[in-house]
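Peer 1: My structure is below; once you've seen it, I'll send some questions.
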Amino acid sequence: MKESNIMEEEKAVLVVDGKELEFPVRTGTMGDKAIDIKRLRADSGGVVTLDPGYKNTASTVSKITYINGEEGVLLYRGYPIEELAEKSDFLEVAYLLIFGELPTKAQYEKFVADIKDKSFVNEEMKNIIDGFPRSAHPMGILSSMTSALTAFYPVNVDFNDKEELYKIIVRLLGKFPILGAWAMRKRNGWPLTYADSRLNYTGNLLKMMFEKPMEPYKVNEVSAEALDKLLILHADHEQNCSTSTVRLIGSSHAGLFAAISGGVSALWGPLHGGANQAVLEMLEQIRQDGGDVQKYINKAKDKNDPFRLMGFGHRVYKNYDPRARFIKQYADKVLAELKVSDPLLDIAKTLEEAALKDEYFQARKLFPNVDFYSGIIYRALGIPTEMFTVMFAIGRLPGWIAQWKEMRENKEPIGRPRQLYVGSTPRHYVPIDKR
Ligand code: ACO
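Mapping to the working numbering: the sequence shown position 136 is 136, numbers consecutive.
As structure tokens, then:
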């Protein structure tokens with residue numbers, strides 16, 4: 001990989017109102033190109049670009065995650081996702097994403113120990129969770145509780161103080177899974193529990209979700225390892241909707257907890273992380289409806305029907321999502337090891353096969369995304385459907401933190417897009433009796 005992260009070589013020319021404007025074309029370390037339009041408004045006399053959904057807009061330069069959607073490649077800090085999922089563990093990947101390099105043994109052990117040391121939350125947080133009705137969705141609880149952390153810890157970090165920055169990071173990594181597990185326990189009406197420092201991160205997550213008051217919880221190693229791999233696969237995905245939300249909130253210098261709370265809310269939507277819940281609901285619906293996958297493929301293709309094949313399609317991947325490929329293979333292994341047989345896995349495979357053969361999905365390059373098979377594994381681990389997106393959020397936390405840290409360290413300006421106004425031209429107020 002080349003050392004310099006941006007090279008300026010070519011120029012792009014834009015003609016606006018008969019005036020030729022030149023812009024540098026920047027090339028990233030993997031060869032991607034971006035026209036740098038930073039001077040467009042100033043040089044053109046106020047003209048802006050229009051790009052709803054930012055389909056063509058790079059909002060930042062980043063050294064964290066690389067995706068090649070055409071070829072189905074995903075790298076964290078240069079390391080292929082498949083290698084990390086095979087060989088690493090979630091906290092090592094978290095360290096890599098946040099601090100840029102794989103940790104030494106000493107750095108890793110300190111990081112794990114520091115996170116464990118922060119694995120509890122202020123007892124007063126229980127009063128806040130008590131205020132939620134049991135019907136509250138766990139993602140709503142997680143978002144609110146993350147925001148509520150601001151009441152107990154300093155809101156702003158001095159970025160020149162590396163120790164302070166490190167502390168807030170390990171603090172959040174320690175507390176966030178507790179809040180996620182509590183969101184589920186609240187829903188079940190179970191007493192709120194804490195982590196056990198003898199267990200690892202994912203073992204603790206399982207313990208905090210499933211432990212019952214009358215018996216000690218024994219972690220199933222197959223389940224803990226499967227959950228660890230899923231968290232790694234979800235740990236970052238460059239400038240997606242929730243990450244952009246975290247960066248945008250963070251760009252106003254609101255605190256880390258406020259930014260992450262916003263990221264959780266963005267992730268919740270069914271077009272984003274909420275799709276993992278929606279996939280399972282869809283598969284269950286197909287099963288109850290007799291298992292006719294073609295009927296649902298036809299519905300997804302019908303432009304008069306709002307139904308979409310959940311877990312299919314991606315803004316960036318126009319090829320098989322490498323995370324989905326890994327999870328699909330891994331699902332077979334986990335279900336076999338846990339001795340779980342799930343008819344929804346067979347429906348998912350049949351649905352995928354039929355969709356990939358279909359001209360509609362081929363023409364639009366729609367492939368299974370990370371959410372298509374992840375829910376099958378969560379289900380085999382006994383995790384309720386409404387908690388799937390919480391699992392995603394716990395996995396994504398290191399990525400959000402890394403992106404927030406990078407944005408602040410690069411001293412990026414406050415995020416503030418422009419618009420093209422198409423509303424009414426100036427007019428005069430009309431009194432209510434004359435309207
Ligand atoms: N089912 C049926 N048709 C689809 C699907 C789908 N899942 N996804 C896209 N299409 C079609 C669209 O109707 C559109 O067709 P057209 O060109 O005839 O109008 C075309 O494919 C392009 O789709 P867009 O919506 O323009 O693509 P975009 O990049 O904006 O959306 C998205 C990407 C939101 C992921 C979309 O594919 C989708 O809604 N998928 C289902 C939800 C989902 O699985 N989300 C999880 C994404 S991964 C993640 O966030 C972790």
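Even glycine gets a Cβ: it sits at the ideal position worked out from N, Cα and C.
1) Which stretch, first to last residue, makes up the beta strand (DSSP E) that contains phenylalanine 372?
2) May I ask whether a heavy atom of the ligand ACO can be found less than 7 angstroms away from the beta carbon of histidine 137?
3) Excluding five sequence neighbours on each side, which residues of the same chain lie with their C-beta closer than 7 angstroms to the C-beta of glycine 189?
4) Go through the stretch 310-368 residue by residue and report every complete run of the alpha helix (DSSP H) that reaches 4 residues or more, in order.
5) Less than 8 angstroms between the CB atoms is what I'm expecting for tryptophan 400 and isoleucine 178, so what's the real figure, rounded?
6) When you compare each of Lys118, Lys19, Phe361 and Val370 to isoleucine 327 by their alpha carbons, which one comes out closest?
7) With respect to 7 angstroms, is the separation between the Cβ of phenylalanine 312 and the closest non-hydrogen atom of the ligand ACO below this value?
8) Give the straight-line distance between the Cα atoms of leucine 366 and arginine 435, rounded to the nearest whole angstrom.
9) Looking only at C-alpha atoms, which of Asn298, Pro343 and Asn410 sits nearest to glutamate 359?
10) DSSP three-state call for isoleucine 35: helix, strand or coil?
11) Using beta-carbon positions only, say whether proline 426 and leucine 97 come within less than 8 angstroms of one another.
12) Alanine 12 by DSSP, collapsed to three states: which one?
13) Given that a residue counts as buried once 16 or more other Cβ atoms are within 10 Å of its Cβ, and exposed if not, what is methionine 214?
14) So does the stretch 257-273 actually touch the stretch 378-397, counting three or more Cβ pairs closer than 8 angstroms?
15) What residue ranges within the stretch 45-118 form continuous beta strand (DSSP E) runs of no fewer than 3 residues, ordered along the chain?
16) With hydrogens ignored, establish whether the beta-carbon of valine 93 is closer than 7 angstroms to any heavy atom of the ligand ACO.
17) Where does glutamate 221 sit, in a helix, a strand or coil, going by DSSP?
18) Is the closest heavy atom of the ligand ACO to the C-beta of leucine 397 under 7 angstroms?
19) Alpha helix (DSSP H) containing glutamate 163: first to last residue?
20) Using 8 angstroms as the threshold, is the stretch 131-146 in touch with the stretch 157-170, meaning 3 or more CB pairs across them?
21) Determine whether the beta carbon atoms of isoleucine 249 and phenylalanine 90 lie at a separation below 8 angstroms.
22) Determine the burial state of leucine 84: buried for a count of at least 16 other Cβ atoms within 10 Å of its Cβ, exposed for fewer.
23) At the level of alpha carbons, what is the spacing between alanine 58 and glutamine 239?
24) Using a Cβ-Cβ distance under 8 angstroms, would lysine 175 count as near chain C?
25) Which residues does DSSP pair with glutamate 22 in a beta bridge?
26) Is the CB-CB distance between leucine 271 and phenylalanine 388 below 8 angstroms?
27) Between the alpha carbons of glutamate 111 and glycine 174, how many angstroms are there, rounded?
28) Give me, in chain order, the residues of the same chain whose beta-carbon lies closer than 6 angstroms to that of lysine 333; leave out the 5 immediate sequence neighbours on both sides.
29) So, leucine 205 versus leucine 230, is the Cβ gap smaller than 8 angstroms?
30) Reducing DSSP to helix, strand and coil, say where tyrosine 296 ends up.
31) Since valine 279 is in the alpha helix (DSSP H), which residue starts that stretch and which ends it?
32) Note down, in chain order, each residue of its chain lying with its Cβ closer than 7 angstroms to the Cβ of phenylalanine 307, except the 5 sequence neighbours on either side.
33) For leucine 283, count neighbouring C-beta atoms within 10 Å of its own C-beta (all shown protein chains included) and say buried if the count is 16 or more, exposed if not.
34) Counting pairs of Cβ atoms below 8 angstroms between the stretch 402-413 and the stretch 57-77, do you hit three or more?
35) Any heavy atom of the ligand ACO inside 7 angstroms of the beta-carbon of valine 264?
Peer 2: The answer reads as follows:
1) Phenylalanine 372 -> not in any beta strand (DSSP E); alpha helix (DSSP H) instead, spanning 371-380.
2) no
3) Arg134
4) 322-337, 343-357 and 359-363
5) That belief does not hold up - the Cβ atoms of tryptophan 400 and isoleucine 178 are roughly 17 angstroms apart, past 8 angstroms.
6) Val370
7) yes
8) 50 angstroms
9) Asn298
10) strand
11) no
12) strand
13) exposed
14) yes
15) 65-68 and 73-76
16) no
17) helix
18) no
19) 162-188
20) no
21) no
22) buried
23) 8 angstroms
24) Here there is only one protein chain, and chain C is not present.
25) Val13
26) no
27) In the sequence under discussion, the amino acid at residue 111 is phenylalanine, which differs from the glutamate named in the question. When rounded, the distance between both Cα atoms is 11 angstroms.
28) none
29) no
30) helix
31) 275-288
32) Lys299 and Ala300
33) buried
34) yes
35) no
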